[in-house]
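S.K.: Numbers 3 to 783, taken from the numbering used here, label the letters of the sequence shown in order. Even for Gly, the Cβ is constructed at its ideal location relative to N, Cα and C.
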Amino acid sequence: MFFYFFLFCSAANNVTQGQSIRDGETIISAGQKFVLGFFSPENSTYRYVGIWFDQIPVQSVVWVANRENPISGEAGVMKLEDNGNLVVLDGNGNSVWSSNTSTASNRTTAILQDTGNLILSSGDKIGDPNKAFWQSFNDPTDSYLPDMRVRMNVESGENRVFTSWKTASDPSLGQYSMGVDPRGSPQIVIWNGLDRRWRSGHWNGLIFTGVPKMKAIYLYGFKLSNEGNGNLYFTYTKANSSDLVWFRIRWDGNEEQLWWNQERNEWSTVQLQPANECEAYNNCGSFGNCFATESPMCSCVEGFVPKDANQWGGGNWTGGCVRRTDLQCGTNSTASGEVDGFLKIEGVKLPDFADSMEAENTNDCEEECLKNCSCNAYAFVSTIGCMTWSGELTDIQHFVEGGSDLYIRLANSELECLFPFDYLVTAASTSRWKHHQSQTNDARSSEFSTDFSGPDELGVERRQCHAPEFSVVSFRDIAAATDFFSHENKLGKGGFGIVYKGKLSGGEEIAVKRLSKQSGQGLEEFKNELILIAKLQHINLVRLLGCCTEDPTKQAQLPWRKRFTIIEGIARGLLYLHRDSRLRIIHRDLKASNILLDEEMNPKISDFGMAKIFGRNESEASTSRVVGTYGYMAPEYAMEGLFSLKSDVYSFGVLLLEIISGRRNRSLHSPEYSNIIGYAWDLWDSGKAMELIDPSAAGSCYPNEALRCIHVAMLCVQDSAGDRPTMSSVVLMLESENATLPKPRQPTFTSMRSSRGVDVLKENQDVASSNDVTISLIIGR
Numbered sequence: 003m004f005f006y007f008f009l010f011c012s013a014a015n016n017v018t019q020g021q022s023i024r025d026g027e028t029i030i031s032a033g034q035k036f037v038l039g040f041f042s043p044e045n046s047t048y049r050y051v052g053i054w055f056d057q058i059p060v061q062s063v064v065w066v067a068n069r070e071n072p073i074s075g076e077a078g079v080m081k082l083e084d085n086g087n088l089v090v091l092d093g094n095g096n097s098v099w100s101s102n103t104s105t106a107s108n109r110t111t112a113i114l115q116d117t118g119n120l121i122l123s124s125g126d127k128i129g130d131p132n133k134a135f136w137q138s139f140n141d142p143t144d145s146y147l148p149d150m151r152v153r154m155n156v157e158s159g160e161n162r163v164f165t166s167w168k169t170a171s172d173p174s175l176g177q178y179s180m181g182v183d184p185r186g187s188p189q190i191v192i193w194n195g196l197d198r199r200w201r202s203g204h205w206n207g208l209i210f211t212g213v214p215k216m217k218a219i220y221l222y223g224f225k226l227s228n229e230g231n232g233n234l235y236f237t238y239t240k241a242n243s244s245d246l247v248w249f250r251i252r253w254d255g256n257e258e259q260l261w262w263n264q265e266r267n268e269w270s271t272v273q274l275q276p277a278n279e280c281e282a283y284n285n286c287g288s289f290g291n292c293f294a295t296e297s298p299m300c301s302c303v304e305g306f307v308p309k310d311a312n313q314w315g316g317g318n319w320t321g322g323c324v325r326r327t328d329l330q331c332g333t334n335s336t337a338s339g340e341v342d343g344f345l346k347i348e349g350v351k352l353p354d355f356a357d358s359m360e361a362e363n364t365n366d367c368e369e370e371c372l373k374n375c376s377c378n379a380y381a382f383v384s385t386i387g388c389m390t391w392s393g394e395l396t397d398i399q400h401f402v403e404g405g406s407d408l409y410i411r412l413a414n415s416e417l418e419c420l421f422p423f424d425y426l427v428t429a430a431s432t433s434r435w436k437h438h439q440s441q442t443n444d445a446r447s448s449e450f451s452t453d454f455s456g457p458d459e460l461g462v463e464r465r466q467c468h469a470p471e472f473s474v475v476s477f478r479d480i481a482a483a484t485d486f487f488s489h490e491n492k493l494g495k496g497g498f499g500i501v502y503k504g505k506l507s508g509g510e511e512i513a514v515k516r517l518s519k520q521s522g523q524g525l526e527e528f529k530n531e532l533i534l535i536a537k538l539q540h541i542n543l544v545r546l547l548g549c550c551t552e553d554p555t556k557q558a559q560l561p562w563r564k565r566f567t568i569i570e571g572i573a574r575g576l577l578y579l580h581r582d583s584r585l586r587i588i589h590r591d592l593k594a595s596n597i598l599l600d601e602e603m604n605p606k607i608s609d610f611g612m613a614k615i616f617g618r619n620e621s622e623a624s625t626s627r628v629v630g631t632y633g634y635m636a637p638e639y640a641m642e643g644l645f646s647l648k649s650d651v652y653s654f655g656v657l658l659l660e661i662i663s664g665r666r667n668r669s670l671h672s673p674e675y676s677n678i679i680g681y682a683w684d685l686w687d688s689g690k691a692m693e694l695i696d697p698s699a700a701g702s703c704y705p706n707e708a709l710r711c712i713h714v715a716m717l718c719v720q721d722s723a724g725d726r727p728t729m730s731s732v733v734l735m736l737e738s739e740n741a742t743l744p745k746p747r748q749p750t751f752t753s754m755r756s757s758r759g760v761d762v763l764k765e766n767q768d769v770a771s772s773n774d775v776t777i778s779l780i781i782g783r
């Protein structure tokens, strides 16, 4: 007895062969994070062997061994048998649970780790999860813990990893399970028996897209790893190693993420899924779209009608919707020249059961879908690729913020009357509008013609469909009518954006409502107004004349030479702030929207509201209030509040990649890299860096100059501030063809985790040589 008293009172974290854990005794992980022992659930007298959090007052069990075979009485024993297996015995010596591994040895040790993982291993591999004979993380119950690997295989399909307790006091197998479905792109799924109850939406490299409020935290949170041969696994890493974080599938079928609130001494629910009725799987049936903030919450997607109108009207949406017009694909109607097309639905949770297809971009994805008559929809998510759906579209949900764009296949006749309306033209008399003064500088352009053509002086083709007639107006004609949206023609500003007065070439006065990108209202509201106005005719109601969806592009105005001049100008301006000005300044919010271009396209760095003045002897500082724009923030600043001159260098590197590629930084996400940084590295490292260049500028660029810019950008966005060049080195590298450029280290944006520690800041490190030594650019293999 003395031996056991010593073993367990000294909080040992392991059991070796010949040792036992009796009911009432425990082992504790080395850092006192978790406890292994016998317990009884609340309102139960049965005994189970389990693992729970240590040093918190609420017993929170995360793993149960004998969940299907409880022990009556307190005479149970857990021991390590001679064959190396862990077993749980009842008071009569009968086995009620075993680790049941055939690879255990006669020198096995069981260790409870600070992760909550119980490991069986031997020899010099003791405690190594990668060399374990058996581990509780591979045999979980209802709980998922940080560092646990949730595995899946693309070929074998869904993997139901976790099973709920039967009730709150009975840990036996319940009716709900949770796991991963790797089809299309992996997603978390909750099942009720054989039926889906909820799903997270597809993984895009940072978040699960069906949980738009999920935070994508650099270096932390969920990560998807690829072991090859179709084997993938998810892990979760805490932002703060001291936090207690716990995921579980509750006995009632809800997935819950919990965080221990030290101040309140209780578990706080970070998220609970399903969060509302729209989160319930396929709440609106096939081809239905669920709006959690509207009543009724279900509607058919455009081009579809309720399958059973009576049920639908009564609030029973399970029957879903059916096509209003059959597709042309595969029918004789294609001989008439009509072809199917696609309607874009923005901001949705993409449907379930996606298939992957090879395509380079949205256009290629559409083309591939159009070739296949069974393809009912497609989506191109830059970090996932081309996703297609055959059969019915299930579990679509509309999000107020976030979500993805879905393109649904419709017959040609349906598409003739469905438009994403961006501009609305009405024939209200402008004399009744109150003129509001504004400091807004409205863009003018001489590109648009003032000529009107066609019937009604609007140059449009009138179309017959399921809604009243309306006109589609060209942006050129609207711009001409409003004197290119001049300030003098501004009537006021509403929730949609600015309203302008205008005059058609025939003299008729009109009001033009222009949807703003900053508007709190969007496509659905605008379409709603359009439909209502088009259907109503009264002398005292505004009359709809037409709408427009065009948006002229300016990319062609930025050939490579102008882009390089802009890059050089930004670099010199930043160098002045860092080194040459009387005040040493860190900008802290360098991004595309803070670079203004004058009429000669000379860049001007603006917005110094977040700038910080540094002393000449200061190299870094810290703050508890991180300001700036995510995507441009250096990792040490976003994560730890550490900023230095090298923080601006990082932002410059991101901006440089945007100018080169013509893409927004956060327009790219992938399991391999989270944004444009990872995308650029992938191309650079594989010797395909020229593919990064914006196609509209590729024909005018100088390859060596463009490659040098990409190389400099990759040096600027390295994870460690000490690895990044100073702005003086950046200017030298950009302007000198003979500057020595070192090879950058791979940013962790491509793998989401860093394999090395954070280096010490080296403020005065110059990585470019001023010696005119000719050296070839180091381009990835």
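To the nearest angstrom, report how far apart Arg516 and Lys495 are at their CA atoms.
M.R.: Taking the straight line from one Cα to the other gives about 10 Å.
S.K.: Taking a contact to mean a Cβ-Cβ separation below 8 Å, would you say Gly255 touches Thr385 in this structure?
M.R.: no
S.K.: Hey, out of Ile73, Ser74, Ala32 and Pro72, whose CA is closest to Phe55's CA?
M.R.: Ala32
S.K.: Identify whether Ile192 lies in helix, strand or coil by the three-state DSSP scheme.
M.R.: strand
S.K.: Do you know how far the Cα of Trp136 is from the Cα of Asn16?
M.R.: 14 Å
S.K.: Would a C-beta distance cut-off of 8 Å place Ile73 and Arg49 closer than the cut-off?
M.R.: yes
S.K.: Please check the pair Leu175 and Glu70, which I expect to be a contact at CB under 8 Å, by giving their CB distance rounded to whole angstroms.
M.R.: Between the beta-carbon of Leu175 and that of Glu70 there is about 7 Å, and that keeps the pair under the 8 Å contact cut.
S.K.: Taking the DSSP output, what are the residues bridged to Asp84?
M.R.: Within the DSSP bridge table, the entry for Asp84 names no partner.
S.K.: Which residue comes first and which comes last in the beta strand (DSSP E) that contains Gln399?
M.R.: Ile398 to His400
S.K.: Straight-line CA distance for Ala381 to Val247?
M.R.: CA-to-CA, the gap between Ala381 and Val247 works out to about 34 Å.
S.K.: Do Asp172 and Pro276 have their C-beta atoms within less than 8 Å of each other?
M.R.: Contact flag unset, no.
S.K.: How would you call Thr728, buried or exposed, if buried means at least 16 neighbouring beta carbons within 10 angstroms?
M.R.: Buried, because 16 or more other Cβ atoms sit within 10 Å of the Cβ of Thr728.
S.K.: Is it the case that the Cβ atoms of Gly287 and Cys323 are separated by a distance below 8 Å?
M.R.: In this structure, Cys323 lies closer than 8 Å to Gly287 by Cβ.
S.K.: In whole angstroms, what is the alpha-carbon distance linking Asn363 and Phe487?
M.R.: 33 Å
S.K.: Quick one, which of Gly290, Glu739, Gly26 and Asp144 has its alpha-carbon nearest Ala708's?
M.R.: Glu739
S.K.: Taking the beta carbon of Ser663 as the centre, do at least 16 other beta carbons fall within 10 Å, making it buried, or is it exposed?
M.R.: buried
S.K.: Is it true that the stretch 289-299 meets the stretch 390-404, where meeting means three or more beta-carbon pairs spaced less than 8 Å apart?
M.R.: yes
S.K.: Judging by CA-CA distance, which residue of Glu510, Trp99, Gly125 and Asp130 is the nearest neighbour of Leu114?
M.R.: For Leu114, the nearest C-alpha among the options comes from Asp130.
S.K.: Can you tell me whether Ser448 is helix, strand or coil according to DSSP?
M.R.: In this prediction, Ser448 scores a pLDDT of 29, lower than 50, which makes its location untrustworthy; the coordinate-derived value is nonetheless stated afterwards. Ser448: coil per DSSP, three-state reduction.
S.K.: Can you give me the Cβ contacts of His580 inside the same chain, cut-off strictly under 6 Å, excluding the 5 residues immediately before and after it?
M.R.: Leu647 and Met729
S.K.: Looking at the strands, I want to know which residues DSSP matches up with Asp172.
M.R.: Thr169
S.K.: If contacts are defined as beta-carbon pairs under 8 Å, then Cys718 and Ile569 qualify, I think. What distance do you get, rounded to the angstrom?
M.R.: The pair is not a contact, with the Cβ atoms about 12 Å apart (cut-off 8 Å).
S.K.: Could you name the residues of the same chain whose beta carbon sits closer than 6 Å to that of Asp310, not counting the 5 residues immediately before and after it, in chain order?
M.R.: Gly321
S.K.: Go ahead and pull the three-state DSSP assignment for Asn16.
M.R.: strand
S.K.: For Asp485, which of helix, strand or coil comes out of DSSP?
M.R.: coil
S.K.: Can you give me the C-alpha to C-alpha distance between Pro148 and Phe224, rounded to a whole angstrom?
M.R.: 9 Å
S.K.: Taking C-alpha atoms, which residue in Leu329, Ser595 and Ala483 lies nearest to Ile661?
M.R.: Ser595
S.K.: The beta strand (DSSP E) that contains Ala573, what's its start and end?
M.R.: Unbroken run through Ala573 is the alpha helix (DSSP H), Trp562 to Leu577; no beta strand (DSSP E).
S.K.: Please determine, among Glu265, Phe249 and Lys215, the residue with the shortest C-alpha to C-alpha distance to Glu258.
M.R.: Phe249
S.K.: Locate the beta strand (DSSP E) running through Ser227, then write down its first and last residues.
M.R.: Gly223 to Gly230
S.K.: In angstroms with no decimal places, state the Cα-to-Cα distance between Arg665 and Ile678.
M.R.: 8 Å
S.K.: Would Arg584 be called buried (16 or more neighbouring beta carbons within 10 Å of its own) or exposed?
M.R.: exposed
S.K.: Assign Tyr295 to buried or exposed, taking buried as 16 or more other Cβ atoms, counted over all protein chains shown, within 10 Å of its Cβ.
M.R.: It should be noted that the sequence gives Thr, not Tyr, for residue 295. So Thr295 ends up on the exposed side.
S.K.: Have a look at Glu281 and His400 and give me their C-alpha separation to the nearest angstrom.
M.R.: 10 Å
S.K.: For Ala481 and Leu506, which I take to be in contact (beta-carbon distance under 8 Å), what is that distance rounded to the nearest angstrom?
M.R.: Contact flag wrong, Cβ pair sits at about 13 Å.
S.K.: If you run the structure through DSSP and keep just helix, strand and coil, what is Val796?
M.R.: Given that the chain is displayed from residue 3 to residue 783, the structure contains no residue 796 and the question cannot be resolved.
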